[in-house]
Amino acid sequence: MTKQNTEKHEFQAEVKQVLDIVVNSLYTDKEIFIRELVSNASDATEKLRHTQLTEKNIYDAERELEIKVQFDEEKNTITIEDSGIGMTREELVENLGTIAHSGSKAFLKALQESGEKNDNLIGQFGVGFYSVFMVADKVEVFSRTWKEDGESLSWISDGSGSYEIKTIESDEPRGTRILIHLSENYKEFANKERLETIINNYSAFIQFPIKLNDETLKTMGALWLKNKKEISEEEYKEFYKFQSKAFDEPQFWLHFNADAPLEINALLYTPSENMEGFGFGRMEPGVSLYCRKILIEADPKNLLPDWLRYLRGVVDSSDLPLNISRESMQDSSLVQKLNKLLTKRYLKQLEEKANKQPEEYTNFWNKFGIFLKEGVTSDFTHRDQLLNLLRYESSYTKEGETTSLSDYLSRALEEQKEIYFLFGANRNAIEKSPYLEAFNSRNIEVLFLFEPIDEFVMNHARNFQEKNFVSVDSANIDLDSIKKVEQDETEEQLDEDTEKSLCAFLKETLPEIKEISTSTRLTNSPAIIVNGDKMMTAQMKKMLKAMQKLDEMQNAETNIHLEINPKHPLIKNIAGLQTNNPDLAKLLAMQILETTKVSAGLIEDPSQLVEQNYKIMQQLSETVAQ
Numbered sequence: 116m117t118k119q120n121t122e123k124h125e126f127q128a129e130v131k132q133v134l135d136i137v138v139n140s141l142y143t144d145k146e147i148f149i150r151e152l153v154s155n156a157s158d159a160t161e162k163l164r165h166t167q168l169t170e171k172n173i174y175d176a177e178r179e180l181e182i183k184v185q186f187d188e189e190k191n192t193i194t195i196e197d198s199g200i201g202m203t204r205e206e207l208v209e210n211l212g213t214i215a216h217s218g219s220k221a222f223l224k225a226l227q228e229s230g231e232k233n234d235n236l237i238g239q240f241g242v243g244f245y246s247v248f249m250v251a252d253k254v255e256v257f258s259r260t261w262k263e264d265g266e267s268l269s270w271i272s273d274g275s276g277s278y279e280i281k282t283i284e285s286d287e288p289r290g291t292r293i294l295i296h297l298s299e300n301y302k303e304f305a306n307k308e309r310l311e312t313i314i315n316n317y318s319a320f321i322q323f324p325i326k327l328n329d330e331t332l333k334t335m336g337a338l339w340l341k342n343k344k345e346i347s348e349e350e351y352k353e354f355y356k357f358q359s360k361a362f363d364e365p366q367f368w369l370h371f372n373a374d375a376p377l378e379i380n381a382l383l384y385t386p387s388e389n390m391e392g393f394g395f396g397r398m399e400p401g402v403s404l405y406c407r408k409i410l411i412e413a414d415p416k417n418l419l420p421d422w423l424r425y426l427r428g429v430v431d432s433s434d435l436p437l438n439i440s441r442e443s444m445q446d447s448s449l450v451q452k453l454n455k456l457l458t459k460r461y462l463k464q465l466e467e468k469a470n471k472q473p474e475e476y477t478n479f480w481n482k483f484g485i486f487l488k489e490g491v492t493s494d495f496t497h498r499d500q501l502l503n504l505l506r507y508e509s510s511y512t513k514e515g516e517t518t519s520l521s522d523y524l525s526r527a528l529e530e531q532k533e534i535y536f537l538f539g540a541n542r543n544a545i546e547k548s549p550y551l552e553a554f555n556s557r558n559i560e561v562l563f564l565f566e567p568i569d570e571f572v573m574n575h576a577r578n579f580q581e582k583n584f585v586s587v588d589s590a591n592i593d594l595d596s597i598k599k600v601e602q603d604e605t606e607e608q609l610d611e612d613t614e615k616s617l618c619a620f621l622k623e624t625l626p627e628i629k630e631i632s633t634s635t636r637l638t639n640s641p642a643i644i645v646n647g648d649k650m651m652t653a654q655m656k657k658m659l660k661a662m663q664k665l666d667e668m669q670n671a672e673t674n675i676h677l678e679i680n681p682k683h684p685l686i687k688n689i690a691g692l693q694t695n696n697p698d699l700a701k702l703l704a705m706q707i708l709e710t711t712k713v714s715a716g717l718i719e720d721p722s723q724l725v726e727q728n729y730k731i732m733q734q735l736s737e738t739v740a741q
């Protein structure tokens with residue numbers, strides 16, 4: 116038996132203040148103490164593993180490297196034990212008295228100066244252990260160093276400003292055992308389900324086995340720290356399911372390491388399905404932030420841009436400056452660096468897939484393209500990369516096939532000044548649109564937009580490779596420099612005087628029209644409404660109006676510009692009916708306006724269109740009956 120040797124240490128006055136801050140102000144979640152103690156246990160075990168490589172005489176050498184967590188609901192205690200390196204008397208003073216050892220005055224000064232923006236104080240002052248006093252009335256630490264000539268020691272404190280170290284008679288196994296006497300208010304932690312949940316949340320990737328009351332918990336090694344060549348496809352998939360709590364398999368993944376500008380290890384997964392597309396609501400960020408395999412934040416909001424919220428996985432960096440509680444990152448510049456580095460690397464992967472594995476990229480695009488479009492509208496930093504990744508159907512592609520913007524421009528006519536697009540409910544609706552006539556007749560490719568966000572994309576992006584995005588319903592499109600493939604010169608049109616007279620008649624009959632002119636773009640349709648607003652398409656105005664994003668002035672002012680086809684038989688007939696049957700001419704004019712509104716997507720109430728149809732049919736039937 117070893118004679119007891121007891122030492123009592125009194126902390127300085129400032130230390131009590133430090134403990135008070137740690138216990139009452141530092142951490143928002145009381146459960147953090149489990150994370151801190153398990154993390155310390157893992158570090159101690161890892162140190163022993165390294166020591167075994169260089170030292171031959173290891174006390175209790177056959178003891179298995181593991182971490183044990185035990186609880187006693189009746190006694191209201193939790194025990195966390197490791198088989199690691201253990202501590203000597205001097206190390207107990209130094210390691211568990213770190214606050215005093217590192218300088219309590221310096222700690223308080225740093226805390227005061229940094230306020231809420233303290234950087235890496237936990238690393239500097241080692242206050243993690245003391246988080247246990249948030250929930251404990253008393254803490255007993257039993258430790259036996261790895262050295263053969265070491266002694267079994269205990270460290271006891273109630274967190275009030277002093278601690279006691281003594282030699283104990285019984286031989287402790289190598290390592291450290293922490294006995295936590297929970298206060299009455301926190302007896303909830305002495306519970307199997309509660310402890311299992313906390314350990315799974317924060318310490319699932321500890322590389323040593325963790326036993327909870329002798330039951331080994333399901334953990335998984337930190338796959339992101341392993342060599343990619345040593346990891347099988349099945350292991351990657353299994354890790355995805357474990358980390359993301361998913362049942363599907365990932366579409367693909369990105370595993371990369373970097374040393375500069377930051378030390379970073381990342382494993383990012385692209386899921387196989389877009390859950391937002393199934394109507395499950397907005398997805399929450401799914402990439403967790405770790406520091407040396409210990410969870411810092413499960414869903415950090417700024418680690419990746421919001422439009423990449425569909426990604427799942429892990430980012431680990433030992434370079435992270437954390438606030439004193441390790442619960443959030445405070446250095447905004449560093450967060451931005453991480454954000455840019457991760458985003459750029461992921462977009463590079465998408466570019467490689469688009470170029471080398473187009474079928475796989477198409478599958479990805481069909482499910483997650485909406486997120487990239489969102490990125491174009493919100494992320495100026497990565498907009499150019501994102502534009503290269505956009506895919507659209509066009510007048511040149513078959514149904515279901517898409518083209519990139521780069522490929523679109525590679526086919527563009529030499530005289531073509533812009534990139535043209537048209538929004539519609541579906542491909543069939545767009546292909547029948549009168550707005551395509553001028554472009555089809557000149558073999559000019561037009562992009563087909565089916566999703567409401569597409570117009571926001573074009574409006575935010577403005578241009579691609581110095582070519583502006585222009586909707587084909589725009590009033591100021593100049594196609595005169597591009598010849599038609601087939602020109603029909605035999606078709607007669609109204610003479611100049613008749614055109615002027617008809618335009619005046621239509622302007623008088625249709626007062627809501629702000630401007631009317633003859634069209635050079637129409638070939639088969641009698642008339643179209645063109646959009647005179649360079650900033651916004653008619654469809655976008657409609658969407659913003661529905662979202663109540665347009666002010667009253669914009670809502671009230673609908674600038675309708677009507678273009679008529681002077682070669683079309685209907686237009687010629689209306690010109691003749693001005694004098695022969697002005698009532699019918701007016702009805703036809705009104706019907707043309709309502710019909711063009713339909714093509715332009717401006718009809719909200721079809722009742723007027725229906726009513727006019729009946730009036731026209733009535734007049735025609737009366738004429739025939741006579």
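For the sequence shown, our numbering gives the first residue as 116, with consecutive numbering after it. We put the beta carbon where it would ideally sit given N, CA and C, even for glycine.
- Rounded to whole angstroms, the separation of the alpha carbons of F538 and E570 is 7 angstroms.
- Bounds of any beta strand (DSSP E) do not take in G490; it lies within the alpha helix (DSSP H) bounded by P473 to S493.
- Here S596 is exposed, its C-beta having fewer than 16 other C-beta atoms within 10 Å.
- T518 is bridged by DSSP to Y507.
- By the Cβ test, the segment 176-186 is not in contact with the segment 343-357, since fewer than three Cβ pairs between them sit closer than 8 angstroms.
- For F357, the uninterrupted alpha helix (DSSP H) segment begins and ends at E348 to S359.
- For S432, no beta strand (DSSP E) encloses it, and the DSSP letter there is neither H nor E.
- In the three-state scheme derived from DSSP, where H, G and I count as helix and E and B as strand, W368 is classed as strand.
- DSSP places Y405 in the strand class (E or B) of the three-state scheme.
- For K622, the enclosing alpha helix (DSSP H) starts and ends at E611 to T624.
- At a Cβ-Cβ threshold of 8 angstroms, R427 and F371 do not count as neighbours.
- The beta carbon of N558 lies closer than 8 angstroms to those of L528 and V600 in the same chain, with the five residues before and after it left out.
- Beyond the five residues adjoining it in sequence on each side, T624 comes within less than 6 angstroms, by CB distance, of K701 and A704 in the same chain, given in chain order.
- Proximity of the segment 459-475 to the segment 387-401 falls short of the contact definition, fewer than three beta-carbon pairs being nearer than 8 angstroms.
- With fewer than 16 other beta carbons inside 10 angstroms of its own, F362 counts as exposed.
- For Q167, the secondary structure class from DSSP, reduced to helix, strand or coil, is helix.
- Within a 10 Å sphere around the beta-carbon of E566 sit fewer than 16 other beta-carbons, which makes this residue exposed.
- As computed with DSSP, Q733 is found in no beta bridge at all.
- Judged by DSSP secondary structure, N583 falls within the beta strand (DSSP E) whose first and last residues are K582 to S586.
- In its chain, beyond the 5 residues on either side, S510, L537, I545, V561 and V587 have a beta carbon closer than 8 angstroms to the beta carbon of L551.
- Between I409 and Y507, the C-beta gap is not smaller than 8 angstroms, which leaves the two residues out of contact.
- I707 and A642 have their alpha carbons spaced roughly 7 angstroms apart.
- Here V250 carries a coil assignment [DSSP, helix/strand/coil].
- Separation of N680 and I485 (C-alpha to C-alpha, rounded to the nearest whole angstrom) is 38 angstroms.
- Non-local C-beta neighbours of S258 in its own chain, meaning closer than 6 angstroms and more than five positions away in sequence, comprise G201, M202, L268 and T291, ordered along the chain.
- Bridge pairing for L268: S258 and T282 [DSSP].
- At least 8 angstroms separates the beta-carbon of I644 from that of F579.
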